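Numbering (my numbering), first residue to last: 2 to 258.
We put the CB at the ideal spot given by N, CA and C, even for glycine.
Note that this is a predicted model, so its numbers are computed, not measured.
Structure record follows, encoded as structure tokens.
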């Protein structure tokens, strides 16, 4: 074999040397300084927070006998959340309020007409009006003698002036006692006197001397009492006299009429 040209020896690549990163002295020192500052600062902040917050007060619960009745229930009701109103109900309520305000405005604008019957349903009570009576002289109508014979007028019965004056006082007292409910028109009173019984009667009569019963006549009869009748001089045991009574309204009512 013939020797050929010689092959040069292989070339080796350069070896890459990677060095581990070395810690930087400045960054390390800065981290240590920050850590050393953060720990005391956290301790100081926690201490200040504990000092600033007041200690919780422990209130002993009052005994059941000293509790105010209904206080716990009121507190429970106070902390209860407000009821949730559906939106539909709120809208209906708003529509109802709008309709009510519209109706109220219409009523305010419309004229108010009062029914005369309703307005006069409760009239005010009438004010009592003072009344006076004009009592005329007595007219001797008739009498009966001791034999029971019927006689008419003063020509047959004689004078009865003392009895007339006595009866005027008695009738005047009865008119004052029975002023309430008295008629407002003139009327005639007939008085019958019986000396044998020492009594008498009074009644309201019409133009024909017929009795006219009523509450006012009853009141006069209940107050008609003849006291000391035996002291009044007389010629006959029984007499009948008539009196004309005219009522008058007193005060401003009389002027208005």
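* Is the beta carbon of residue 242 less than 8 Å from the beta carbon of residue 141? -> Your numbering for residue 242 matches position 241 in the chain shown. Your numbering for residue 141 matches position 140 in the chain shown. Yes, Cβ-Cβ distance for residue 242 and residue 141 is below 8 Å.
* First through last residue of the alpha helix (DSSP H) which encompasses residue 167 -> Here residue 167 refers to the residue found at position 166 of the chain shown. Taken as a continuous stretch (DSSP letters only), the alpha helix (DSSP H) holding residue 167 covers 162-178.
* Does DSSP classify residue 124 as helix, strand or coil? -> Along the chain shown, one-based indexing puts residue 124 at 123. Three-state result, residue 124: coil.
* Determine the direct distance from the alpha carbon of residue 204 to that of residue 222, and round the result to whole angstroms. => To locate residue 222, count along the chain shown from 1; it is residue 221. To locate residue 204, count along the chain shown from 1; it is residue 203. If you take the alpha carbons of residue 222 and residue 204, they lie about 7 Å apart.
* Give a yes or no on whether the C-beta atoms belonging to residue 195 and residue 239 are separated by under 8 Å. => By 1-based counting over the chain shown, the position of residue 195 is 194. By 1-based counting over the chain shown, the position of residue 239 is 238. In contact: residue 195 and residue 239 (Cβ atoms closer than 8 Å).
* Can you tell me the Cα-Cα spacing of residue 230 and residue 124, whole angstroms? -> Translated into positions along the chain shown, residue 230 becomes position 229. Translated into positions along the chain shown, residue 124 becomes position 123. One C-alpha to the other measures close to 48 Å.
* When the Cα atoms are used, what is the spatial distance from residue 193 to residue 134? -> Taking the first residue of the chain shown as position 1, residue 193 is located at position 192. Taking the first residue of the chain shown as position 1, residue 134 is located at position 133. Rounded to whole angstroms, residue 193 to residue 134 spans 21 Å at the Cα level.
* Can you list, in chain order, the residues of its chain whose CB lies under 8 Å from that of residue 178, leaving out five sequence neighbours each side? -> Here the question's residue 178 lines up with position 177 in the chain shown. Answer for residue 178: 220 and 224, listed in chain order.
* Cα-Cα separation between residue 155 and residue 143, rounded to whole angstroms -> Within the chain shown, numbered from 1, the residue matching residue 155 stands at position 154. Within the chain shown, numbered from 1, the residue matching residue 143 stands at position 142. Distance between the alpha carbons of residue 155 and residue 143 is about 8 Å.
* Asked: Just the Cα atoms here: how many angstroms apart are residue 139 and residue 199?
  -> Within the chain shown, the letter at position 138 stands for residue 139. Within the chain shown, the letter at position 198 stands for residue 199. Near 19 Å, if we compare the C-alpha coordinates of residue 199 and residue 139.
* **Contact under 8 Å by Cβ, residue 244 with residue 137** => By one-based count along the chain shown, residue 244 stands at place 243. By one-based count along the chain shown, residue 137 stands at place 136. Against a cut-off of 8 Å, the Cβ pair of residue 137 and residue 244 comes out as a contact.
* Asked: Can you tell me where the beta strand (DSSP E) with residue 212 in it begins and where it stops?
  -> Here residue 212 is taken as the residue at index 211 of the chain shown, counted from 1. Element bounds for residue 212: n/a, residue is neither H nor E.
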